[in-house]
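**Student:**
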Amino acid sequence: MQKCLLQLVVASCVLFLCSTVHASIVVPYDSYWTLDDSGEATFCLKAEYASYAPINTFGIYQLGTSEGHPLFYEIFSGEQGPGAKATLTGDMLASAGFSLTNAFGFYLDSSAGENGGIFLSDPMAGHDNNGMDYMKTSWKHGKYYLYWEDMMMGDPQHNYGPQERGKHGKKMEPDYNDMIVKVSGMSPTPVPGALFLLAGGLPFVLFRKGKKS
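Written out as structure tokens, the structure reads:
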């Protein structure tokens, strides 16, 4: 009975994880990232659905540097639009003063706009987040996708944010589609368990199971 139940659970996991090959997985923690073993990351600006698109800039940042203040490295400028691509290497980051032994975060800078700000992937890292999450992340086809909100949330003066109401009493929600960036060559740290299983953990378990039977 226990053996049948175990086989049923394993089969269900296989079906679920195989289905994720064609679907997105929401990454639950995405505050900090590291370069993969290749030492090279690539970025593609997939879409922008925002009036701030001409002024939005995107890049990485690092806290706790020897300079005593956060370092920022711009990857996409406001002049670049969907289809823009960029490559980032460890040597480039080291030359800019980044520590390759410490994790990085992503940022979106829309501070040139009236309701904009400098938003970090770590909601608790300061700047204009005020504890709110301006970036969501998903994983699909071996790539990560970053979804950004570029306007200040929870600002009662502008009736914008999860707790605010618009002119007609409708609840205003962040859409997280103001900038969408595809990332490869970097991974959140630590790697989510579901992605570890999909990348090889579960097949290894199944292989060991098959060898014993």
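Taken in order, the sequence shown gives residues -23 to -1, 1 to 190; the numbers are from mature numbering (1 follows the signal peptide of the UniProt record, and there is no 0).
For glycine and all other residues, C-beta sits at the position ideal for the given N, C-alpha and C.
(1) On the criterion of 16 or more Cβ atoms from any shown chain inside 10 Å, does Ser1 qualify as buried, or is it exposed?
(2) Going by the beta-carbon positions, is the gap between Ile37 and Gly55 smaller than 8 Å?
(3) Please return the same chain residues whose Cβ sits closer than 7 Å to the Cβ of Ser15, not counting the five positions on each side in sequence.
(4) Count the other C-beta atoms from every protein chain shown that fall within 10 angstroms of the C-beta of Ser87, then say buried if there are 16 or more, exposed otherwise.
(5) Give the DSSP-derived three-state secondary structure of Gln134 in the structure shown.
(6) According to DSSP, is Met69 helix, strand or coil?
(7) Going by DSSP, which residues form a beta bridge with Lys23?
(8) Give me whichever residues DSSP pairs with Tyr64 in a beta bridge.
(9) In terms of residues, what are the limits of the beta strand (DSSP E) holding Ser161?
(10) Quick one: what's got a C-beta closer than 8 Å to Glu25's C-beta in the same chain, skipping five residues either side?
(11) What did DSSP end up calling Thr11 once you bin it into helix, strand or coil?
(12) What's the gap between the Cα of Pro5 and the Cα of Gly119?
(13) Residues in the same chain with beta-carbon distance under 6 Å from Tyr153, minus the five sequence neighbours each way, listed in chain order, please.
(14) If you reduce the DSSP assignment to three classes, tell me which class Tyr6 lands in.
(15) Which first and last residues belong to the beta strand (DSSP E) in which Gly93 is found?
(16) For the beta strand (DSSP E) holding Leu85, just list the boundary residues, first then last.
(17) Could you tell me the distance, in whole angstroms, from the CA atom of Leu48 to the CA atom of Pro151?
**Tutor:** Taking the geometry as given:
(1) exposed
(2) no
(3) Gly162
(4) buried
(5) Model confidence at Gln134 stands at a pLDDT of 46, short of 50, so the residue's coordinates are unreliable; what they give is reported in the following sentence. Coil.
(6) helix
(7) Answer is none; Lys23 lacks a bridge partner.
(8) Reading the sequence as shown, one finds Thr at residue 64 and not Tyr. Per DSSP, Thr19.
(9) Met156 to Ser161
(10) Asn33, Gly58, Pro59, Asp155, Met156 and Ile157
(11) strand
(12) 16 Å
(13) Lys113, Tyr124 and Glu126
(14) coil
(15) Neither: Gly93 is in no beta strand (DSSP E) and is coded neither H nor E.
(16) Gly82 to Asp86
(17) 27 Å
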